[in-house]
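Student: With the UniProt record's numbering applied, the sequence shown covers 1 to 317. Backbone N, C-alpha and C define an ideal beta-carbon position, used for all residues, glycine too. On a predicted model such as this, the values are computed, not experimentally measured, just so you know.
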Amino acid sequence: MKVAYRHISTPEKSTAMKVAYRHISTPEDASFVIKEFCQPRFTNTFHFHHGHELILIVKSSGKVYAGNKVMNFNEGEIYMFGPGLVHCFCNDNTPADNSDTIAHAIIVQFTEDFLGKEFFDKLELKKIKELMQLSEHGLQFRKIPASFSNLFFRFQPNQQMKNLIILLQLLDELSRQGREHVALLTEDPKKIHYKDVDSKKLTAIFKYVLENYHQQVDSKSAASLACMSEAAFCRYFKRRTNKTFSQFVNETRISHATKLLIGTDHGIADICYACGFDNISYFNRQFKIYQGQSPREYRKAFEESNASAPSFRSTGE
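1. Taking 7 Å as the cut-off, decide whether the C-beta atoms of Y65 and Q140 are in contact.
2. Considering only C-alpha positions, which residue in the set Q177, F32, V33, V70 is nearest to F206?
3. Select from L54, S281, C38 the residue whose C-alpha is nearest the C-alpha of E136.
4. Identify whether K243 lies in helix, strand or coil by the three-state DSSP scheme.
5. Using DSSP with H/G/I as helix, E/B as strand and the rest coil, what is K201?
6. Say yes only if the C-beta of H137 is nearer than 6 Å to one or more non-hydrogen atoms of the ligand MN, and no if none qualify.
7. Ends of the alpha helix (DSSP H) at I280?
8. DSSP three-state call for G76: helix, strand or coil?
9. Using alpha carbons as the reference points, say which of P145, I166, A146 lies closest to F155.
10. Identify, in the order they occur along the chain, each residue of the same chain with its Cβ nearer than 6 Å to the Cβ of Y213, setting aside the five sequence neighbours on each side.
11. Would you tell me roughly how many angstroms separate the C-alpha atoms of S281 and P295, rounded to the nearest one?
12. Grab me the residues of N91's own chain with a C-beta within less than 6 Å of its C-beta, minus the 5 sequence neighbours each way, in chain order.
13. Taking the alpha helix (DSSP H) that N150 falls in, what are its first and last residues?
14. Would you kindly report the start and end of the unbroken alpha helix (DSSP H) that includes Q169?
15. Under 7 Å, do G76 and F48 count as touching if we go by C-beta distance?
16. State whether the region 160–177 contacts the region 208–228, with contact taken as three or more CB pairs (one from each stretch) at a distance under 8 Å.
17. Mind checking H50: buried by the 16 CB within 10 Å criterion, or exposed?
18. What is the C-beta distance between T264 and Y298, in whole angstroms, given that I count them as a contact (C-beta under 8 Å)?
19. May I ask you to list the residues that DSSP assigns as paired with A183?
20. For R22, count neighbouring C-beta atoms within 10 Å of its own C-beta (all shown protein chains included) and say buried if the count is 16 or more, exposed if not.
21. So the candidates are F89, A103, P157; which of them puts its Cα closest to the Cα of F37?
22. Quick one: grab the DSSP three-state call for Q213.
23. Less than 7 Å between C-beta atoms, sequence neighbours within five positions excluded: which residues of the same chain meet that for L56?
24. DSSP on Q156, reduced to helix/strand/coil?
25. Applying the 10 Å Cβ sphere with the 16-neighbour rule, what's the burial state of D279?
26. Return the CA-CA distance between H266 and Q215, expressed in angstroms with no decimal places.
27. Quick check on Q109: buried or exposed, where buried means 16 or more other Cβ atoms within 10 Å of its Cβ?
28. Compute the distance between the beta-carbons of Q286 and N250, then report whether it is under 7 Å.
29. Counting Cβ pairs closer than 8 Å, one from the region 165–185 and one from the region 231–245, do we hit at least three?
30. Take H256 as the anchor and find which of Q247, F283, N72 has the nearest alpha-carbon.
31. Would you kindly work out how many angstroms separate the C-alpha atoms of V58 and A301, rounded to a whole number?
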């Protein structure tokens with residue numbers, strides 16, 4: 001049993017986002033693939049696989065899109081995407097002269113039957129099989145012990161058996177995490193369908209929102225990017241993403257607001273306007289819809305939990 005280990009370090013030119021299928025290309029003598037991604041920024045490409053993908057964010061932050069959901073990602077977090085789930089990591093806009101900016105991730109890709117069709121049916125592997133099934137929603141593992149993420153750094157080229165044991169250990173550890181450490185990225189991935197014909201339209205729409213959520217964003221402008229009438233566009237977007245365009249915009253804005261609430265000492269009003277809202281009352285209502293509490297309560301809860309909890313950030317050692 002062999003493992004393909006690949007290092008990706010060549011910077012890529014910025015391209016328009018596409019919804020694309022990416023084949024997990026394991027050589028004939030390999031069972032799964034390990035990749036190390038190290039570039040100035042994550043490339044803005046929406047894609048999906050026929051297998052599973054585990055990702056450790058070693059260094060970087062920004063927005064992660066999965067299915068029809070958008071949320072923040074940060075260093076030390078682990079993500080797992082199941083077969084067919086469209087996803088993408090996008091860095092927030094940073095100053096052009098920020099030479100320290102880097103996107104570093106370790107990625108493990110494997111098919112559901114990479115160890116045999118019935119391997120994960122064994123009783124001892126029940127939790128891992130449940131984890132793999134749950135990954136169809138997209139999973140975010142946060143505030144986990146550094147020992148978990150450090151397993152990614154133990155993968156080595158030409159160490160096939162050791163790498164397999166590490167992967168199984170990693171899957172086992174992740175399968176035992178409590179709800180407080182795991183977040184579903186989508187509620188019902190089967191309701192979200194993308195086709196090749198949607199690629200250019202969704203590419204333009206998502207990019208428009210990502211680059212402009214801090215200012216005025218409207219369905220009329222988005223419709224023009226998709227070369228559709230406003231009414232037709234609204235129906236199209238709802239049919240493809242299972243949410244309205246305004247819901248998607250608000251979700252993107254609230255996602256950025258949570259980042260500012262826990263990462264800065266800016267006032268609530270300043271954060272409201274910085275995220276593209278022009279009405280504080282509306283901002284508070286939308287925040288509570290998506291986060292279940294007010295912006296002030298969200299910040300207070302984070303500060304209290306951060307004060308009492310130990311740091312779980314991976315050191316990579």
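Tutor: To lay it out plainly:
1. no
2. V70
3. L54
4. coil
5. helix
6. Looking for the ligand MN in the displayed structure turns up nothing, as the structure carries no ligands at all.
7. 280–291
8. coil
9. I166
10. T252, R253, G276
11. 11 Å
12. R41, F42, G62
13. 146–150
14. 160–175
15. no
16. no
17. exposed
18. Rounded, the Cβ-Cβ distance is 13 Å, inconsistent with contact.
19. Q140
20. In this prediction, R22 has a pLDDT of 49, which is less than 50 and means its spatial position is unreliable; what the coordinates show is noted afterwards. By the neighbour-count rule (16 or more Cβ atoms within 10 Å), R22 is not buried but exposed.
21. A103
22. Looking at the sequence provided, one finds Tyr at residue 213 rather than Gln. Coil.
23. I78, A105, I106, S149, F152
24. coil
25. Note that residue 279 corresponds to Asn in the displayed sequence, not to Asp. The residue in question, N279, is exposed, as its Cβ has fewer than 16 Cβ neighbours within 10 Å.
26. 18 Å
27. buried
28. yes
29. no
30. N72
31. 26 Å
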